[in-house]
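Following numbering that gives the first Met the number 0, the numbering of the sequence shown begins with 0 at its first residue and continues without gaps. Single-structure report; data block below.
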Amino acid sequence: MEKNILVITGGTSGLGREISIQAIHRGLYVCNLSRNKEKAEKLDLMFKDNYKSFIGDITDSNFVIDSFKKISKLGKISYLINCAEKACFKLPTEYSNKDIDISLTGLKGMILCSTEALKISNEQDLKIVNIMSSAALKGNKNEALYCSAKWGERGYTESLKAAYKGTSVKVIGVYPGGMNTEFWNNNRHYVSEEKSNSFMNPASVATVILDNILNYRDLNVADIIIERN
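See the structure below:
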């Protein structure tokens with residue numbers, strides 16, 4: 000039987016890792032595009048029959064194209080979840096060109112991976128799930144670059160929806176609030192450990208996302224906004 004494949008970016012940590020593990024438990028074969036070789040290899044060992052890592056930079060078009068070609072030989076790509084991101088939080092006067100490049104990692108990877116998934120699927124029977132942030136819905140103090148990147152991702156997501164309206168390609172935007180993940184480890188000047196401990200559990204968020212995108216009814220959830228109680 001042909002494998003039913005879920006491709007995810009950033010699937011080795013945080014929310015992406017939780018989605019990967021839960022998707023495997025739900026019977027999907029997961030292919031993860033990630034830069035973290037050590038964490039990816041651990042998942043390869045844990046789920047060797049239902050998981051495969053592709054190590055590289057999702058902003059490198061050659062890596063993305065090559066990875067999707069290899070994945071397409073494993074089975075049918077039914078889902079693409081764009082989850083990878085990088086961020087920096089500074090005062091508006093402190094941003095550098097390097098900060099801009101870092102912040103746009105998720106957007107560039109989202110576009111490159113979505114493009115290849117659409118080509119491989121011949122623009123049929125594909126769900127593209129773009130995981131962004133509640134920062135894509137409003138502006139936040141000292142999050143100028145982060146909000147800019149997330150609003151760009153939202154614009155790309157909405158444009159894809161318009162392009163494939165009425166087709167078998169479904170595009171879903173996901174907007175979660177703050178989660179307690181290692182995402183904040185490099186941003187402790189902005190969010191303390193105490194504060195991040197009060198954020199949402201990524202495992203719970205992953206369950207909500209998969210419950211909505213893996214429905215087999217004749218309907219499609221267009222947007223998922225997940226907030227803390």
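No residue lacks a Cβ here, since even glycine has one placed at the ideal position from N, Cα and C.
Proximity below 8 Å, CB of residue i to CB of residue j
i	j	result
Y50	V63	no
W232	A162	The displayed coordinates of the chain run from 0 to 228. Any statement about residue 232 would go beyond what the structure contains.
I99	I18	no
I223	V168	no
I171	V128	yes
Y78	K126	yes
N35	T11	yes
S120	I76	yes
L5	A22	yes
Spatial neighbours of residue i in its chain, beta-carbon cut-off 8 Å, leaving aside the 5 residues before and after
i	result
M178	G13, L14, F198, M199, N200, P201 and V204
N214	V220
E1	G74 and K75
Supposed contact pair residue j and residue i - C-beta distance, whole angstroms, cut 8 Å
i	j	result
L32	F53	5 Å
F46	E115	So it is not a contact: roughly 23 Å between Cβ atoms.
Contacting residues, own chain, Cβ-Cβ under 7 Å from residue i (five flanking each side not counted)
i	result
F88	N141, E142, Y145, N186 and Y189
T156	N129, V170 and G172
S132	K149, Y174 and P175
K107	T58
R16	G10
Proximity to residue i [Cα-Cα], best of the options
i	options	result
T166	N3, G26 and L117	L117
E37	G55, G108, K68 and S158	G55
D210	L106, H24 and D59	H24
M109	N219, A221 and T58	T58
N139	D65, P91 and K47	P91
N3	Q21, G26 and D65	G26
S111	A39, K194 and E152	Strictly speaking, residue 111 in this sequence is Leu, with Ser absent from that position. Checked all of A39, K194 and E152; the closest Cα to L111 is E152.
E122	G176, S60 and K164	K164
L44	L5, I101 and I20	I20
R227	I212, N96 and N196	N196
Same chain only: Cβ atoms within 6 Å of residue i, ignoring 5 sequence neighbours per side
i	result
L103	A148
F182	G13
E247	Within the shown structure, residues of the chain are numbered from 0 to 228, placing residue 247 beyond reach of any answer.
D124	S167
L159	V170
V113	Rather than Val, the amino acid found at residue 113 in this sequence is Ser. I127, listed in sequence order.
T180	G13 and P201
Minimum length 4: unbroken alpha helix (DSSP H) runs contained in the segment 163-226: 192-195 and 201-212
Any beta strand (DSSP E) of 3 or more consecutive residues that is wholly inside the segment 101-163: 125-130
Segments of 3+ residues assigned as beta strand (DSSP E) that fall wholly inside the segment 42-94: 50-54 and 74-81
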